[in-house]
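Okay, so here's the structure we're looking at.
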Amino acid sequence: MKARLLFLFLFTFSFINTVKGQDLITFKTFDELSTYIKENNSKPLVINFWATWCAPCVKELPYFEKLNQENANVKVILVSLDFEKQVESKLKPFLKKIKYTSTSIYLADKDYNSWLPKIDKNWSGSIPATLIINQDKKVFVENDFSSFEELNTFVNQSITK
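In this text, residue positions in the sequence shown follow the UniProt record's numbering: the first is 1, and each later residue adds one.
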């Protein structure tokens, strides 16, 4: 009986932990990410490009998570551009610690010149950067947001255009 209770407790505890945080999805190429985006666009997408080494990126991540939790009309996707050698040592521990529910993706494709223009022809490559896709409409911004309210307003205005 004790063994069953212990098993039930451990099973329940492990389920709770998996619900609180998302697993990291890794795409080796931008084309793989692009396919994923096309397959997951049943509602407007808010795609944030960031990295753990980018202080403004990390500062605004809670705004995106709050947007994900409070706005059921959009899907938030966090695309990490971290260095490949730091995925295991920095990115995964960071994501495990923050336990966000937003979809977390690591894009390993470092041939930036080939895919940056596919996001936006004027993107310099600096991060943080955000792409909003609503059906066939795209809005891109290459800056950070200073508050949740600023992000939320920007997203709502972008998806209603």
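All C-beta atoms in this analysis are idealised placements derived from N, C-alpha and C, irrespective of residue type, glycine included.
| Grouping DSSP H, G and I as helix and E and B as strand, with all else coil, what is residue 246? | In this structure the chain extends from 1 to 161, so residue 246 is not present and cannot be described.
| task | Determine the closest residue to I98 out of K59, D109, V74, with distance taken between C-alpha atoms. | result | Within the sequence shown, numbered from 1, the residue matching residue 98 stands at position 98. Among K59, D109, V74, the Cα nearest to that of I98 belongs to K59.
| request: Quick one: measure Cβ to Cβ for residue 216 and Y63, integer angstroms, because I've assumed they're closer than 8 Å. | output: This structure gives no information on residue 216, because the portion of the chain shown stretches from 1 to 161.
| field | Three-state class that DSSP yields for W115 in the structure shown | value | Along the sequence shown, read from residue 1 onward, the residue named residue 115 stands at position 115. Helix.
| query | If you draw a straight line from the alpha carbon of Y112 to that of N40, how long is it in whole angstroms? | reply | Here residue 112 refers to the residue found at position 112 when the sequence shown is read from its first residue. Here residue 40 refers to the residue found at position 40 when the sequence shown is read from its first residue. The straight-line gap from Cα to Cα measures roughly 23 Å.
| said: Looking at the secondary structure, which residues open and close the alpha helix (DSSP H) in which N156 lies? | reply: Your numbering for residue 156 matches position 156 in the sequence shown. Per DSSP, the continuous alpha helix (DSSP H) segment holding N156 begins and ends at 148-160.
| task | Determine which residues share a DSSP beta bridge with Y106 and list them. | result | In the sequence shown, the residue the question calls residue 106 occupies position 106. Answer is T26, S80.
| field | Nonlocal neighbours in the same chain, by C-beta distance under 7 Å from I119, ignoring five residues either side | value | In the sequence shown, residue 119 corresponds to position 119, counting from 1. Closer than 7 Å at Cβ, skipping near neighbours: L131, F140.
| query | Taking the Cβ atom as the reference point for each residue, do F27 and P128 lie within a distance shorter than 8 Å? | reply | Within the sequence shown, the letter at position 27 stands for residue 27. Within the sequence shown, the letter at position 128 stands for residue 128. Against a cut-off of 8 Å, the Cβ pair of P128 and F27 comes out as no contact.
| task | Out of D23, K75, A51, T101, state which residue places its alpha-carbon closest to the alpha-carbon of D144. | result | For the purposes of this step, residue 144 is identified with residue 144 of the sequence shown, where counting begins at 1. Closest in C-alpha terms to D144, from the list D23, K75, A51, T101, comes A51.
| query | Thinking C-beta only, is W123 closer than 8 Å to E142? | reply | The count along the sequence shown starts at 1 and reaches residue 142 at position 142. The count along the sequence shown starts at 1 and reaches residue 123 at position 123. W123 sits close to E142, with the two beta carbons spaced by under 8 Å.
| Going by DSSP, what residues sit across from K75 in a beta bridge? | The residue you call residue 75 lines up with position 75 of the sequence shown. Paired residue(s): L45.
| field | Own chain partners of I37 with C-beta closer than 8 Å, once the 5 adjacent residues on each side are dropped | value | By 1-based counting over the sequence shown, the position of residue 37 is 37. Leaving aside the five residues that flank I37 on each side, the residues in its chain whose CB is nearer than 8 Å to its CB run, in chain order, L45, I47, I77, I133.
| Apart from the five residues just before and just after F30, which ones in its own chain have a Cβ nearer than 6 Å to its Cβ? | Locating residue 30 in the sequence shown gives position 30, counting from the first residue. Closer than 6 Å at Cβ, skipping near neighbours: D109, W115.
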